[in-house]
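Enquirer:
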Amino acid sequence: GSAGSSSSDNSSDAALAEMLGIPSSLLSRNGAAAVREILEDPIYGSPNYTEATPSMVLDTGPDLTRRWRAEGIVRMPPSWNVCSKFLRRITEELVWGSGGPNACRHPPADARYPCDRSDETAAGGRVLTRLENFVHVHSGWRDMCDDHLRNAASAVVGERMALYKEKLNMKPPSGGGFAPHLDSPSLRSGAPPGGAQKDGRPWPRTFVTVMVAIDRMLPGNGCLRVARGAWSEHPGEPRGAIGHLETSVAGGGDPSNPDGGGREGAIVPDALGLLEFQDVECAPGEVVVFDGWCPHRSAANLSALGRRAVFLTYNPLREGDVRTEYYDNMTAIRKDYASKMVQERALKEEYAAAELMALASVPS
Numbered sequence: 001g002s003a004g005s006s007s008s009d010n011s012s013d014a015a016l017a018e019m020l021g022i023p024s025s026l027l028s029r030n031g032a033a034a035v036r037e038i039l040e041d042p043i044y045g046s047p048n049y050t051e052a053t054p055s056m057v058l059d060t061g062p063d064l065t066r067r068w069r070a071e072g073i074v075r076m077p078p079s080w081n082v083c084s085k086f087l088r089r090i091t092e093e094l095v096w097g098s099g100g101p102n103a104c105r106h107p108p109a110d111a112r113y114p115c116d117r118s119d120e121t122a123a124g125g126r127v128l129t130r131l132e133n134f135v136h137v138h139s140g141w142r143d144m145c146d147d148h149l150r151n152a153a154s155a156v157v158g159e160r161m162a163l164y165k166e167k168l169n170m171k172p173p174s175g176g177g178f179a180p181h182l183d184s185p186s187l188r189s190g191a192p193p194g195g196a197q198k199d200g201r202p203w204p205r206t207f208v209t210v211m212v213a214i215d216r217m218l219p220g221n222g223c224l225r226v227a228r229g230a231w232s233e234h235p236g237e238p239r240g241a242i243g244h245l246e247t248s249v250a251g252g253g254d255p256s257n258p259d260g261g262g263r264e265g266a267i268v269p270d271a272l273g274l275l276e277f278q279d280v281e282c283a284p285g286e287v288v289v290f291d292g293w294c295p296h297r298s299a300a301n302l303s304a305l306g307r308r309a310v311f312l313t314y315n316p317l318r319e320g321d322v323r324t325e326y327y328d329n330m331t332a333i334r335k336d337y338a339s340k341m342v343q344e345r346a347l348k349e350e351y352a353a354a355e356l357m358a359l360a361s362v363p364s
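See below:
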C-alpha cells in the first residue's frame, strides 16, 4: 500500500540527493522534485563542458591579445563557449551541495561541496548571492577552470596563467548591482602581511578575469558593464591613449570588511565623468575576458528571474600559483573581522549597561 510507496519514494529521493551531493538535512518534497528535474536533463553526467567538436580548432593567436590590450576586454570566439546545460547542472550541484539556495553563511556539516557563501537582502528576505572557494571540491568546476578556461586566459594574455580565485555570482530579482570599480587593487589586498608568498616571492600583481554567463545577461537583469580602453596602473606608463584612472577606498564602508563596501579599487566620483560604460550582453555559455584595470560595474536585476555568472581570476604563472594561499589569507581576514565585530558589539553592550546604571543612580 501507501506506506510502502512512501518508504520507496523517500529512499529514491535520498538516493537522488546523494548523487547530486545535496545534504540530507535539506531534502524536502519540493527539493526532491527539483533534484529530479536536474537529473532528467539529458546532459547530466556528461563530462563534456565545451560545445566544440573534436574537429573544431579553438581560436587563439595575437589578435585576441591585441584586442584585449586595446580595449581591456575581449569576447572569446564561439569555439570557446561552454555548454550551457553543463554550466546549469554544475551550478545547481554546487548550490544544493553547499547548503541550498536560501541564505546560509556556513554549509551544513554533511555538505558535499563546502565553500564560502554570501547572501544579501532582496525581495522576499535574505537570499544566497555568491559562492567562492569551490573549485577544489567539485571535479566538474575544477576540470573546466584549470583546463579550458585557464587556456582562454592564457590565449588572451599570451602566457601561461594560474587560477587566483573564483566566485559564482547569483543576482536574484531585485538584487543589487555593483558600483564602478577596478579589480586589481582589491585582488592585491588578499596578500598576507608583508606582501610576499610563502616562498618569499612578491605577491602576484597582474590579473585578468574570465567571465562565463550561466544565464542570459541583459541590461534588464544587471549584466556586466565596462568602460573599454587601454587602461593601466601607472600615470606615467599608459598602455595607450587612456592610461591611468584614479581610485580610492570606497566611501561609506569599512575597509577591514573583506566582503563589504570600502575595499580598494572604487573609482573616485571625479573620475566617473571620463568613463562611458557599455553593456556586455551574453548568451548562456559565452566567455568574456577582461583586464584587472578595466573599469566595470553592473546595475540591479529588474527582471523576474535570477541571473548567474561565474567570474574566474587568473594571474601569470610566472608570478606564482597562490590560490590556496589567497583563500587561507582571506579566511584569516574574515575571522579577524568577525572577532572585531564581536568585540565591538560587547563594548557597545557594556557602554549601554553603564549608562543605564548611571541613570539609575540619579536622584529622582
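In this text, residue positions in the sequence shown follow the numbering used here: the first is 1, and each later residue adds one. Where a beta carbon is used, it is the ideal one built from N, C-alpha and C, also for glycine.
Among GLN278, GLY124 and GLY97, which one has its Cα closest to the Cα of ASP116?
Expert: Translated into positions along the sequence shown, residue 116 becomes position 116. Measuring from the Cα of ASP116, the nearest candidate turns out to be GLY97.
Enquirer: What's the gap between the Cα of VAL157 and the Cα of PHE290?
Expert: Walking along the sequence shown from the start, residue 157 turns up at place 157. Walking along the sequence shown from the start, residue 290 turns up at place 290. If I take the Cα positions, the gap works out to 10 Å.
Enquirer: Label SER139 either buried or exposed according to how many other C-beta atoms from any shown protein chain fall within 10 Å of its C-beta, with 16 as the threshold for buried.
Expert: Locating residue 139 in the sequence shown gives position 139, where the first residue counts as 1. The residue in question, SER139, is exposed, as its Cβ has fewer than 16 Cβ neighbours within 10 Å.
Enquirer: Tell whether a beta-carbon distance below 9 Å holds between MET144 and GLU286.
Expert: For the purposes of this step, residue 144 is taken as residue 144 along the sequence shown, with counting starting at 1. For the purposes of this step, residue 286 is taken as residue 286 along the sequence shown, with counting starting at 1. No. Outside cutoff.
Enquirer: What are the residues that DSSP puts in a beta bridge with GLY125?
Expert: For the purposes of this step, residue 125 is identified with residue 125 of the sequence shown, where counting begins at 1. GLY125 pairs with ALA122.
Enquirer: Classify ARG318: buried if its beta carbon has 16 or more other beta carbons within 10 angstroms, exposed otherwise.
Expert: The sequence position of residue 318 within the sequence shown is 318, counting from 1. It is exposed - the Cβ of ARG318 has fewer than 16 other Cβ atoms within 10 Å.
Enquirer: Which stretch, first to last residue, makes up the alpha helix (DSSP H) that contains LYS85?
Expert: Position 85 of the sequence shown, counting from 1, holds the residue named residue 85. Per DSSP, LYS85 belongs to the alpha helix (DSSP H) from 84-97.
Enquirer: Judging by CA-CA distance, which residue of VAL280, ARG130 and LEU163 is the nearest neighbour of GLY222?
Expert: What you label residue 222 is simply residue 222 of the sequence shown in a count that begins at 1. Out of VAL280, ARG130 and LEU163, VAL280 has the C-alpha closest to the C-alpha of GLY222.
Enquirer: Could you tell me if PRO62 is buried or exposed, where buried requires 16 or more neighbouring beta carbons within 10 angstroms of its beta carbon?
Expert: For the purposes of this step, residue 62 is identified with residue 62 of the sequence shown, where counting begins at 1. By the 10 Å Cβ count, PRO62 comes out exposed.
Enquirer: Express the C-alpha separation of ASP146 and ALA155 in angstroms, rounding to a whole number.
Expert: Counted from its first residue, the sequence shown places residue 155 at position 155. Counted from its first residue, the sequence shown places residue 146 at position 146. Rounded to the nearest angstrom, the two C-alpha atoms are 14 Å apart.
Enquirer: Distance check for VAL74 and PRO185, CA to CA, integer angstroms please.
Expert: As a position in the sequence shown, residue 185 is number 185, starting the count at 1. As a position in the sequence shown, residue 74 is number 74, starting the count at 1. Roughly 21 Å separates the two Cα atoms.
Enquirer: Please report the distance separating the alpha-carbon of TRP80 from that of TRP68.
Expert: For this step, residue 80 is matched to residue 80 along the sequence shown. For this step, residue 68 is matched to residue 68 along the sequence shown. Each residue's Cα considered, the two are about 16 Å apart.
Enquirer: Just to confirm my understanding: we take ALA309, look at its own chain, exclude 5 residues before and 5 after, and list those with CB closer than 7 Å. What are they?
Expert: Reading the sequence shown from its first residue, position 309 is the one you call residue 309. Correct list, in chain order: ASN169, MET211, VAL212, ALA213, ILE214 and MET217.
Enquirer: Using the Cβ count rule (16 or more neighbours within 10 Å means buried), how would you classify GLU166?
Expert: Taking the sequence shown and counting its residues from 1, the one referred to as residue 166 is at position 166. Flag for GLU166 reads buried.
Enquirer: For my contact list, GLY306 and PRO219 are in at a C-beta cut-off of 8 Å; report their separation, rounded to the angstrom.
Expert: Your numbering for residue 306 matches position 306 in the sequence shown. Your numbering for residue 219 matches position 219 in the sequence shown. Actually they do not touch by this definition, with Cβ atoms about 16 Å apart.
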